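>
Chains as they are written, first to last, in the numbering used here: chain A, 41 to 299; chain B, 284 to 531.
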């Protein structure tokens, strides 16, 4: 049992160490301005534009469900008009960035790991290296930067659509007075809530790209290796997002004086 | 000039190379032969720094590349061109983009100049007019030719070929061999060809080296190598499964 735990601990520490080394390489690459802007724009399209539909649907239906559930509880204590304020703060602080990141991790994290993993098993990454091109400069840095830029924008879309959808449900289906609903939302949603959401989305973007690229670059041989890397990229990115979200909430709550 | 001193490499508990020593002079053309899975490709990847040795040294023009990190190795790799076993073309790009890849970050060359060099490289490998095709549209032999065009376009000093004729029919193999000889003679590059195709080894190398049981077993000029009476060499050259069946 001890031997097994020892091996497991070593494996986890070794993985974390390798991810840290990759992060260092990305940092060095970013400092030397090795990014090819054409690749960066393409990755913005691939990560950001192509993820819009899934993020918009997630935001809209989460906003609608959250609005309805909040109304069901608040209606009992005659606080109907506070419904949209709860939806807004929840979406800005937590649900917007987290759900966006989880959806993008599923779509983009898997795609990054599969693409880079396939390049690895077909020796395309070795070919890059023999052509005097650092794989981090060519493959990882554009994806990292694009994910850092795209995630906050997607999170904003998710939040806006979620609030809009919730507003429609509250006013058109649940019959809540629109003016009070809107005024209460504006009163209880602060700039800092939006700021927290954007910072979280920025960090989650980096997590998705970093883990996706790492799993692709270190994937095992053959189709099985690529499949394994793809699954692990999604699972590890999702878990890392959920765990880091808790600590980010605590840290940023302390920083902005909520704690 | 490439020199390998006491090179050793293992994957896990499985040793692949042990105390491998050799030296290849500039302008030489060397065929490295050996059994499948015998470590030939692993050896080739050490020469260009794609793998790090467990022990020993690889010297390129007198510089030990072992201690260099990935970024420092980029400078050394500019001396090399490599043709991979499966061609390793970038499948998201066209043939022209693949061949021109080495110039993608070079600002001093215009698009017209790059297009001219791509056309010349494709002409040299007998594939003119294929610029707009995708790798998936090409046959195995054509992909290897494009891989060679990609490797020679920036005029490297050393060309490495990893099993260039494996999986190709004899006619295409013959054309690839002729192409390797033509490139060697026209560009005056150092060529290192890893193969287990005896016909190919006989034709493309000024020297044949044999990797056997993790060590460099033999090294000689082709005429001497292929007339050797050494039972291990004869077994491989004649393609005999049982060493007792060899008639010397």
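By construction, the Cβ of each residue, glycine as well, lies at the ideal position given by its N, Cα and C atoms.
For clarity, every value in this text was computed on a predicted model and none was experimentally measured.
Between residue 63/A and residue 281/A, what straight-line distance do the alpha-carbon atoms span, to the nearest angstrom?
Those two C-alpha atoms are separated by around 17 Å.
> Against chain B, with Cβ distances strictly below 8 Å, would residue 171/A count as a contact?
Cβ-Cβ to chain B under 8 Å: yes for residue 171/A.
> Give the DSSP bridge partners of residue 364/B, in chain order.
Looking at the DSSP assignment, residue 364/B forms a beta bridge with 442/B.
> Beta carbons nearer than 7 Å to chain A: which residues of the segment 293–319 of chain B have them?
Within the segment 293–319 of chain B, no residue has a Cβ that lies closer than 7 Å to any Cβ of chain A.
> Determine, using beta carbons only, whether residue 174/A comes closer than 8 Å to chain B.
Residue 174/A counts as touching chain B.
> Could you check whether the Cβ of residue 369/B sits closer than 8 Å to any Cβ belonging to chain A?
For residue 369/B, the answer is yes, since a Cβ of chain A falls inside 8 Å of its Cβ.
> Residue 404/B CB to nearest chain A CB: under 8 Å?
Not an interface residue.
> Compare the C-beta of residue 55/A with all C-beta atoms of chain B and state if any pair is closer than 8 Å.
It does not; no Cβ of chain B falls within 8 Å.
> Of the residues 494/B, 464/B, 376/B, which one's Cα is nearest the Cα of residue 485/B?
When only C-alpha atoms are compared, the closest one is 464/B.
> If you draw a straight line from the C-alpha of residue 469/B to the C-alpha of residue 154/A, how long is it?
Distance between the alpha carbons of residue 469/B and residue 154/A is about 40 Å.
> In whole angstroms, what is the alpha-carbon distance linking residue 259/A and residue 333/B?
Cα to Cα, residue 259/A sits roughly 16 Å from residue 333/B.
> In or out: residue 65/A buried (at least 16 other Cβ within 10 Å) or exposed?
With 16 or more other Cβ atoms within 10 Å, it is buried.
> In or out: residue 137/A buried (at least 16 other Cβ within 10 Å) or exposed?
So residue 137/A ends up on the buried side.
> Touch check for the segment 261–281 of chain A and the segment 176–184 of chain A: three-plus C-beta pairs under 8 Å?
No, the segment 261–281 of chain A does not touch the segment 176–184 of chain A.
> Would you please verify whether the beta carbon of residue 363/B is less than 8 Å from any beta carbon of chain A?
Interface residue, yes.
> For residue 92/A and residue 291/B, what's the separation of their Cα atoms in angstroms?
Straight-line Cα distance between these residues: approximately 51 Å.
> If the cut is a Cβ gap below 7 Å, which residues of chain B does residue 162/A touch?
The answer, in chain order, is 369, 371.
> For residue 167/A, would you say it is in contact with chain B, using Cβ-to-Cβ distances shorter than 8 Å as the test?
Chain B contact via Cβ: present.
> Of all Cβ atoms in chain A, is any one closer than 8 Å to the Cβ of residue 291/B?
By this cut-off, residue 291/B is not an interface position.
> Measure the C-alpha to C-alpha separation of residue 362/B and residue 436/B and round it to an integer number of angstroms.
In a straight line, the C-alpha of residue 362/B is about 12 Å away from that of residue 436/B.
> Would residue 110/A be called buried (16 or more neighbouring beta carbons within 10 Å of its own) or exposed?
By the 10 Å Cβ count, residue 110/A comes out buried.
> Taking all protein chains shown into account, do 16 or more other C-beta atoms lie within 10 angstroms of the C-beta of residue 367/B, making it buried, or fewer, making it exposed?
Under this definition residue 367/B is a buried residue.
> Let me check understanding here. Comparing Cα to Cα, which of 135/A, 251/A, 290/A lies closest to residue 145/A?
Checked all of 135/A, 251/A, 290/A; the closest Cα to residue 145/A is 251/A.
> I need the straight-line Cα distance from residue 392/B to residue 398/B, nearest angstrom please.
About 10 Å.
> On the DSSP bridge assignment, give the partners of residue 342/B in chain order.
Beta-bridge pairing links residue 342/B to 286/B, 347/B.
> On the DSSP bridge list, what partners appear for residue 495/B?
Paired residues: 498/B.
> Using a Cβ-Cβ cut-off of less than 8 Å, give me the residues of the segment 75–99 of chain A that come near chain B, in sequence order.
For the segment 75–99 of chain A, which is checked against every Cβ of chain B, the residues closer than 8 Å are 76.
> Measure the alpha-carbon distance for residue 187/A versus residue 132/A and round it to whole angstroms.
Approximately 19 Å, taken between the alpha carbons.
> Any idea what DSSP makes of residue 507/B, helix, strand or coil?
Of the three classes helix, strand and coil, the one that applies to residue 507/B here is helix, per DSSP.
> Taking only three categories from DSSP, how would you classify residue 309/B?
DSSP places residue 309/B in coil when its eight states are reduced to three.
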